[in-house]
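For reference, the structure is listed below as structure tokens.
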Amino acid sequence: MIGGFLSKQQYIWIDGKFIPLEKANVPILTHSLQYGSGIFEGIRAYASNKGTAVFRLKDHVERFLRSAKIYSMNLGYSAEELGDAVTALVRKNGLKSCYIRPYAFYNDDHIGLDVSGKKISVAIAAVDFGSYFGGKDKGINCIVSSWRRINSQILPVQAKASGNYLNSIIASYEAKLRGADEAILLDIRGYIAEGPGENIFLVRDNKLITPSESSDILLGITRDSIMKLAESRGIEVEERLVHREELYTADELFFCGTAAELTPITHVDSRAVNGGKVGPITKMFSKAYSDASTGYDNVFSSSWLTFV
Ligand SMILES: Cc1ncc(COP(=O)(O)O)c(C=O)c1O
-4 MIGGFLSKQQ YIWIDGKFIP LEKANVPILT HSLQYGSGIF EGIRAYASNK
46 GTAVFRLKDH VERFLRSAKI YSMNLGYSAE ELGDAVTALV RKNGLKSCYI
96 RPYAFYNDDH IGLDVSGKKI SVAIAAVDFG SYFGGKDKGI NCIVSSWRRI
146 NSQILPVQAK ASGNYLNSII ASYEAKLRGA DEAILLDIRG YIAEGPGENI
196 FLVRDNKLIT PSESSDILLG ITRDSIMKLA ESRGIEVEER LVHREELYTA
246 DELFFCGTAA ELTPITHVDS RAVNGGKVGP ITKMFSKAYS DASTGYDNVF
296 SSSWLTFV
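Okay, so the sequence shown: first residue is -4 according to the working numbering, each after it adds one.
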């Protein structure tokens, strides 16, 4: 869904121009629509104590450019130009907080897999967007998916590429069919990887544990923020292989990601975590993340926020 009710005209930034949202359309045979041959980012802007601010804009734009590089897509814009386009769009759309979706795609309506020399467009949307799990701050119910997370011998997992998300979509859909809110995917070897669009943290003995890059996770910017917030609070973080059964014995579990922000997991495979209640360390990180993204963290907010 694109946002809620907005009275102000909304725009899309595409190839350097602002176009009214309802006029920003592509032909049905657009290559990236048929084959998933696009790359994208997901960014949030928050209503901070000093006005609207984009969270970790530079890191997101740099990841976008790395995704493009993996697929040899020449976007024709520098990190600075893309960052400026994001802030200009949020300003133009008059949004106090929003979700921002940069997207680069083959804007060419051909059939066939050869993309050499085909036209690439870069578009940015900034839309009104609330809580990803519909305000489930009391915690969500997860299952371990029967689908495995894609691995980097099959597809580059560090590229945020549209096609990768079919793996996420089928796992999320399985979770819904099984009556859960979200899936947890194992890596190809059977260790915990991540959610379909979220990284995962376990809390055990007041320590954070999270799967390492070797489990083919997307290296999330929110994950990195949680790790930095933990470090600044003297909380140890273990990045390592995580066995499935550790989900069942964890003191607390939570997902994190730009869309999901920090979402507590209170049930996994029908087992209660922390008696089915959100635990104290999850609550502490939830507040720490919210403070950092809205200007109230004295250590990080100034470097993580870009004001529009
Ligand atoms: C597969 C996957 N893992 C993890 C994340 C979390 O990453 P980030 O915190 O950078 O949004 C995302 C969201 O982008 C994702 O799509």
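Cβ atoms here follow ideal geometry from the backbone N, Cα and C, with glycine treated the same way.
According to the Cβ coordinates, are ASP246 and VAL198 closer than 8 angstroms? yes
What first and last residue would you give for the alpha helix (DSSP H) that runs through ILE276? Under the DSSP assignment, ILE276 falls in the alpha helix (DSSP H) whose first and last residues are 275 to 288.
Short of 6 angstroms in beta carbon distance, which residues of its chain neighbour ASN162, apart from the five on each side in sequence? Order them along the chain. Here the set comprises ILE145.
Starting from the C-beta of ALA170, find all residues in its chain whose C-beta is less than 6 angstroms away, skip the five residues before and the five after it, and write them out in chain order. ILE138, GLU177 and ALA178
If SER307 sits next to SER27, beta carbons under 8 angstroms apart, how far is it from one beta carbon to the other, in whole angstroms? Given a span of -4 to 303 for the chain in the structure shown, any question on residue 307 remains unanswerable.
CA-to-CA distance, GLN5 to PRO275, given in whole angstroms: 40 angstroms
Identify which residue in TYR291, ASP200 and LEU172 has its Cα closest to the Cα of LEU224. TYR291
Range covered by the beta strand (DSSP E) that runs through ASN136: Note, ASN136: beta strand (DSSP E), 135 to 143.
Nearer than 7 angstroms: is that true of the beta carbon of ASN146 relative to any heavy atom of ligand 1? no
Assigned exposure category for ILE23 - 16 Cβ within 10 Å defines buried: exposed
With 16 other Cβ atoms within 10 Å as the buried cut-off, status of ILE212: buried
Please tell me whether VAL237 and ILE183 are closer than 8 angstroms, where the distance is taken between their beta carbons. No, the Cβ-Cβ distance between VAL237 and ILE183 is not below 8 angstroms.
Compare the beta carbon distance of ASN201 and GLY215 with 8 angstroms and say whether it is the shorter of the two. No, the Cβ-Cβ distance between ASN201 and GLY215 is not below 8 angstroms.
Which residue comes first and which comes last in the alpha helix (DSSP H) that contains VAL85? 74 to 88
Please classify TYR243 as buried or exposed, where buried requires at least 16 other C-beta atoms within 10 Å of its C-beta. The residue in question, TYR243, is exposed, as its Cβ has fewer than 16 Cβ neighbours within 10 Å.
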